[in-house]
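Numbering (our numbering), first residue to last: -12 to 312. C-beta: ideal position from N, C-alpha, C; glycine also. One structure is given here, and the rest of the page talks about it.
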């Protein structure tokens, strides 16, 4: 995790974040000044940002919205106050309404982003200046410290070449907290085809099988927000092993993101919320799946089934049976 320190100063009304990354300072600078790069980490896991405006010039404006798996929106706007190319920039940051205009009931904040070279790469220092103690306390109460830590924790994947960062790592599972798990997999193929492989029945049945020896008997993907999906499998020659999953499509932003609910077919109780995101670079795709469990016990029980191993078998099959043919 690149974040090394987050501190607040009630006397000076500031919050300071320091993050060290193993990348040159010019690469870190580009991550914060190109909206396509910012969208990959400006927002904690599960709240990806979409920038609809980014005028990187003094007096220019940026507007963005972050969307949760449940469809909640958090919007923000920046006014660029000063830019020292390659070294620092300063913005006036504010919560925004659906039209991108600052919301008066929330405090506006001045933020300074500074970029410095280090012996191991580069360092970001982000100082946020508040106009009142109440404003500082309000933002802290809204989860700004932990949200910033989680958001900047995604920087490593952004400032490194995707192939260098993820190729050959297999399916990686990260426990973010008691109810959230992030699963990532480098897939050596274009995003459009990876997306199709997740949404076309014929392709699904070629790869989403888990360990060898299983057949996907039902592949009915959801097509529109509010529609449902159903998948089922059984071990070859053993129909008594049949099981399946079903759920509802909550959000759709093809071919970038989809959010679904998931529960075992016929099971009672709460299921999971699965947030699938695909990012393409140089003809390869980084698949990120953020899973929200109802509680820690359910999380641990499901992970203990060998879920990650089954997913790795499936993703490896996706590369060999779908992407190379």
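Checklist entry - Does the beta-carbon of residue 44 have 16 or more other beta-carbons within 10 angstroms, so that it is buried, or is it exposed? => result exposed
Item to check | residue 309 classed as buried or exposed, judged by whether at least 16 other C-beta atoms fall within 10 angstroms | outcome: buried
Next on the checklist: Can you confirm whether the stretch 33 to 53 touches the stretch 172 to 179 when touching is taken to mean that 3 or more C-beta pairs between the two stretches lie within less than 8 Å?
Outcome noted: no
Next on the checklist: Does residue 301 come out as helix, strand or coil in the three-state DSSP assignment?
Outcome noted: helix
Next on the checklist: Under 8 Å: do the stretch 11 to 23 and the stretch 138 to 149 share three or more Cβ pairs, one atom per stretch?
Outcome noted: yes
Checklist entry - Are the stretch -11 to 5 and the stretch 129 to 137 in contact at 8 Å, needing three or more beta carbon pairs? => result yes
Next on the checklist: Looking at the strands, I want to know which residues DSSP matches up with residue 55.
Outcome noted: Looking at the DSSP assignment, residue 55 forms no beta bridge with any residue, so it has no partner.
Checklist entry - Is residue 115 near residue 90, with beta carbons less than 9 Å apart? => result no
Item to check | Same chain only: Cβ atoms within 6 Å of residue 80, ignoring 5 sequence neighbours per side | outcome: 65, 96 and 98
Item to check | 6 Å Cβ shell around residue 52 - same chain, five flanking residues per side excluded | outcome: 37, 60 and 62
Checklist entry - Buried or exposed: where does residue 57 fall if 16 or more other Cβ atoms within 10 Å of its Cβ makes it buried? => result exposed
Next on the checklist: Between 26, -2 and 257, which has its C-alpha nearest residue 233's C-alpha?
Outcome noted: 257
Next on the checklist: In this structure, how does DSSP classify residue 188 when only helix, strand and coil are distinguished?
Outcome noted: helix
Next on the checklist: With a threshold of 6 Å on Cβ separation, who are the neighbours of residue 122 within its own chain once the five nearest residues in sequence on each side are excluded?
Outcome noted: 94
Item to check | Limits of the beta strand (DSSP E) - the one that residue -4 falls within | outcome: -10 to -4
Checklist entry - How would you label residue 209, buried or exposed, when you count the other beta carbons within 10 angstroms and need 16 or more for buried? => result buried
Checklist entry - What is the rounded straight-line gap between the Cα of residue 204 and the Cα of residue 231? => result 9 Å
Next on the checklist: Which runs of the beta strand (DSSP E) at least 3 residues long sit entirely within the stretch 27 to 102? Give them in chain order.
Outcome noted: 36 to 41, 48 to 54, 60 to 71 and 75 to 82
Item to check | Those runs of the alpha helix (DSSP H) which lie wholly inside the stretch 129 to 214 and span at least 4 residues | outcome: 131 to 139, 142 to 146, 149 to 153, 178 to 186 and 188 to 194
Item to check | Continuous beta strand (DSSP E) assignments of at least 3 residues falling wholly in the stretch 213 to 266 | outcome: 215 to 222, 225 to 240 and 244 to 251
Checklist entry - Just how far apart, CA to CA, sit residue 158 and residue 172? => result 5 Å
Checklist entry - How would you call residue 154, buried or exposed, if buried means at least 16 neighbouring beta carbons within 10 angstroms? => result exposed
Next on the checklist: Considering Cα atoms alone, identify which of 182, 213 and 253 is closest to residue 241.
Outcome noted: 182
Next on the checklist: residue 202 and residue 227 - do their beta-carbons sit closer together than 9 Å?
Outcome noted: no
Next on the checklist: For a quick check, are the C-beta atoms of residue 184 and residue 0 less than 9 Å apart?
Outcome noted: no
Checklist entry - Expressed to the nearest angstrom, what Euclidean distance is found between the alpha-carbon atoms of residue 150 and residue 35? => result 22 Å
Item to check | Between the CA atoms of residue 214 and residue 118 - distance to the nearest angstrom | outcome: 47 Å
Next on the checklist: Quick check: the Cα distance between residue 49 and residue 279, rounded to an integer number of angstroms?
Outcome noted: 30 Å
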